[in-house]
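Take a look at the structure below.
Residue numbers (the working numbering): 190 to 259.
Below, the structure is given as structure tokens:
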């Protein structure tokens with residue numbers, strides 16, 4: 190059973206790298222996640238629009254995200 194995850198606006202999340210989203214196999218020591226990013230808008234179907242906190246660039250819509258624990 191898949192547990193749906195809902196994110197709130199302003200929450201910090203990690204985004205999957207491009208190789209993970211394309212289902213390619215990166216090298217053994219390559220990171221699988223990048224971030225943290227800020228959720229700008231969370232949609233009911235599970236995808237989010239993200240903001241890069243360093244340069245305020247908008248990324249998305251994307252659904253390969255997970256919670257960032259600081």
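The beta carbon of each residue, even a glycine, is placed where N, CA and C say it ideally should be. Just so you know, these numbers come straight off a predicted model, no measurement behind them.
- Query: By the 10 Å Cβ neighbour count, where 16 or more other Cβ atoms means buried, how is residue 231 classified, buried or exposed?
  - Reply: Sequence index remark: in the chain shown, residue 231 carries index 42 (1-based). With 16 or more Cβ atoms within 10 Å of its Cβ, residue 231 is classed as buried.
- Message: Tell me the residue span of the alpha helix (DSSP H) that contains residue 206.
- Response: By one-based count along the chain shown, residue 206 stands at place 17. Segment: none, residue 206 is in no alpha helix (DSSP H) and carries neither H nor E.
- Item | Three-state secondary structure (DSSP) of residue 223 | What you label residue 223 is simply residue 34 of the chain shown in a count that begins at 1. Of the three classes helix, strand and coil, the one that applies to residue 223 here is strand, per DSSP.
- Item | Residue burial classification, residue 197 (beta-carbon count within 10 angstroms, cutoff 16) | Counting from 1 along the chain shown, the entry for residue 197 is found at position 8. Exposed, because fewer than 16 other Cβ atoms sit within 10 Å of the Cβ of residue 197.
- Task: Just the C-alpha distance for residue 237 and residue 209, rounded to the nearest angstrom, thanks.
- Result: If you number the chain shown from 1, residue 237 lands on position 48. If you number the chain shown from 1, residue 209 lands on position 20. Cα to Cα, residue 237 sits roughly 17 Å from residue 209.
- Beta-bridge pairing of residue 231 - partner residues as DSSP gives them: In the chain shown, residue 231 corresponds to position 42, counting from 1. Beta-bridge pairing links residue 231 to 237.
- Task: Report all residues from its chain with a CB closer than 6 Å to the CB of residue 213; omit the five preceding and five following residues, and keep chain order.
- Result: Indexing the chain shown from 1 puts residue 213 at position 24. Taken in chain order, the list of residues that qualify is empty.
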